[in-house]
Amino acid sequence: MQYRRLGKTGLDVSALGFGCMRLPTLGAPEKIDEKEATKLLHRAIEAGVNYIDTAWFYHAASQGQAGASEPFVGRALSGTWRDRVQLATKLPQQILKVREEMDGFLEQQLERLATDHIDLYLIHGLNGKAWDRMRDLGVREFLEKAKHRGLIGHLGFSFHGEKDDFTRIVDEYSGWEFCQIQYNYLDTENQAGRAGLCYAAGKGLGVVVMEPLQGGRLATGLPPQMKAVFEGRPEAWSPAEWALRFVWNEPGVSLLLSGMCAASQLEENLRVAESALPGSLGDEYRTVYEAAGEAMKKLRKADCTACRYCQPCPFGVQIPECLAALNASSIWNTNNHWVTGYTPIKGRPELCTQCGACEELCPQSLPIRALLKETAEVFSQKG
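Structure, rendered in structure tokens:
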């Protein structure tokens, strides 16, 4: 197993981390197949994986509820398994209302995970607005107090927001030791993007990458046009290997998280992790990834850059998010009502009155009214 330094934590972590958001299940998200999931987790640890990531919400029956992932991880790491790993989980800021609840959630998480300390503790799913709210509630003081008491070891945050907010969050708290961002060869400009990755690494933060395979779509769901780009190469790498190598090629990446739900996925990831070293891909590979990205762009219905000049819509439509969902449906053939997997679209396209104010503001001159109408039709048909 390849190991890399996790920024200011000083920890040497496996380049492959085990993400516990997509464990094998028995027909429902909250019904984890504990026998199979435990076998996967133990096999990963035996192979050298030492970073295990979970969260309050993972494997919940419905959005916002406490999930089954943390309690499962606690059981699976019983005995000597716990001592062999760095355990990460997250403060569920999305449902916090007052400062006192932070202590309560941490106490519950320690109990759910059957441990007396959490090695790596993140604030979950920050964007600019969420960070401002948590900062004003006193989250920095909470984190420092919990760390002083030995309940948590190292402090970080996961991020789903705009680029400028990412750098601001990094700069507004000197206690950060690592961060977790979404990054893959299609998401080099979205959210924190590569610029954010490099900024955080330059500040000494460890960088944990989530969604290196876009929830599996870059592994098994590639459109034929994108798959053909990789199949024309001599390496004989699978689409998943191409995607994983892209992330591991970045010197600023400490590790990537993979949500492995099958032994075949785990074994492939373990194999690739051995040789996917930072800087191992030359310029010729950059052109391959760019070609795959261009093939994807040709499938997009809306060439929206998410500049947000069209926002706010006077009738509450979340235009960039709706157009992103339309593109996802066109590219991946899915009725994806979620843009990132974490942010639901509340301002649905049905709210559009066809007033046209957005089109007057769009620097791309997109036919937004027609695109929103198409979006509404697509998702009404797909349920």
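Residues in the sequence shown are numbered consecutively from 1, following my numbering.
Quick reminder that beta carbons are idealized off the backbone N, C-alpha and C, glycines included.
Separation of A292 and C310 (C-alpha to C-alpha, rounded to the nearest whole angstrom) is 29 Å. According to the DSSP assignment, A88 belongs to the beta strand (DSSP E) that extends over 86-91. Apart from the 5 residues on each side of it in sequence, C362 sits with its Cβ closer than 8 Å to the Cβ of Y309, C310, I368 in its chain, given in chain order. Counted as a single uninterrupted DSSP element, the beta strand (DSSP E) harbouring L256 occupies residues 255-258.
Shortest Cα-Cα distance from I331 to any of P24, P314, W176, M226 involves M226. Counting every other CB atom within 10 Å of its CB across the protein chains shown gives C304 a total of 16 or more, marking it as buried. One alpha carbon belongs to M102, the other to I319, and they sit about 34 Å apart. In the structure shown, the three-state DSSP call for F230 is helix.
DSSP places G196 outside any beta strand (DSSP E); the residue lies instead in the alpha helix (DSSP H), whose first and last residues are 193-202. Judged by DSSP in its simplified three-state form, T167 adopts helix. About 7 Å separates the beta carbons of L205 and E177, which is inside the 8 Å limit, making them a contact pair.
For the options L23, P29, G48, the alpha carbon positioned closest to that of E36 is the one of L23. Contact fails between the segment 216-225 and the segment 188-204, because fewer than three Cβ pairs, one in each stretch, are under 8 Å apart. Inclusion of F246 and W237 in the CB contact set at 8 Å is not warranted, their separation being larger than that value. N327 is the residue among N327, R286, A273 whose C-alpha sits nearest the C-alpha of K298. Around the beta-carbon of V98, fewer than 16 other beta-carbon atoms lie within 10 Å, marking it exposed. Ranked by Cα distance from L155, the options F166, F72, A114, S174 are led by S174. When the alpha-carbon of E241 is set against those of T220, C261, S254, the nearest one is in T220. DSSP places L371 in the helix class (H, G or I) of the three-state scheme. Nearest to V253 by alpha-carbon distance, out of P234, E235, C261, A276, is A276. In the structure shown, I345 falls within a coil segment according to DSSP collapsed to helix, strand and coil. Looking only at T167, T54, A44, the smallest Cα-Cα distance to C20 is reached by T54.
Counting C-beta atoms within 10 angstroms of its own C-beta, H124 has 16 or more neighbours from the protein chains shown and is therefore classed as buried. If you look at L122, you'll find it in the beta strand (DSSP E) that goes 118-126. For Q354, there is no enclosing beta strand (DSSP E), as DSSP marks it with neither H nor E. Short of 6 Å from the beta carbon of Q182, and not among the five residues preceding or following it, lie these beta carbons of its own chain, in chain order: Q191, M210, E211.
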